[in-house]
Amino acid sequence: MNCTLSWDSRVCRGFRYDQETGDLLVPEDGRYLVYFQLTYRGHLNCTKPLMLVQRVVYVQESYPKELDLLAVQDTLPCMDYLTKTMQASISYDLVKNDRLRVRLNTPKLLYKGFLGADLLNAIQPDRSLRDGEEEEEEWVEEEEEEWVEEEEEWVEEEQDLSFGNI
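Quick note: the sequence shown, position 159, residue 158 per numbering that gives the first Met the number 0, numbers continuous.
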């Protein structure tokens with residue numbers, strides 16, 4: 000089961016909270032420190048190890064499918080009572096109106112948690128893979144041209160070597 004967490008709607012620093020989806024909406028373009036912490040508690044009735052999986056995902060206006068931003072998982076042996084806190088953070092370029100949400104596989108064991116994002120610096124992130132692909136192609140072409148030129152020079156030098164009769 001994959002559940003989206005709902006959050007306390009007291010949101011600050013310009014973030015808006017969408018109560019229907021449980022998303023935090025990014026207020027402006029920039030590099031953000033995105034972080035979360037989840038604490039699990041509860042009695043277990045298990046016969047095999049328990050896997051806890053949580054992910055922070057984001058959704059772009061231009062691409063409406065969830066993309067993983069970061070994930071944490073842990074496998075725990077069976078026990079009578081579980082207490083486990085998991086946390087993670089990442090620095091990432093986000094665009095205004097990107098949506099952040101947390102997904103987890105064991106919502107019944109969740110005791111408390113939080114999701115946050117702090118703007119590190121406002122920037123104009125380049126989200127276009129196409130531009131990145133063109134830049135890489137240009138770099139590869141330049142490298143190939145340099146290599147061909149070097150090879151041609153080497154061949155010319157090799158041809159200039161002449162050995163007389165010894």
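Where a beta carbon is used, it is the ideal one built from N, C-alpha and C, also for glycine.
What you are looking at is a predicted structure, and each value in this text was computed from that prediction instead of being measured.
Using DSSP bridges, identify the partner residues of S88.
Y34
Does the Cβ of R15 have 16 or more other Cβ atoms within 10 Å, making it buried, or fewer, making it exposed?
exposed
Check whether M50 and T74 have beta carbons under 8 Å apart:
yes
Could you tell me which residues DSSP puts in a beta bridge with N120?
R30
How would you label A116, buried or exposed, when you count the other beta carbons within 10 angstroms and need 16 or more for buried?
buried
Go ahead and pull the three-state DSSP assignment for K107.
helix
By the DSSP assignment, the beta strand (DSSP E) with V55 in it spans what residues?
49-58
How big is the Cα-Cα spacing for L37 and Y80?
17 Å
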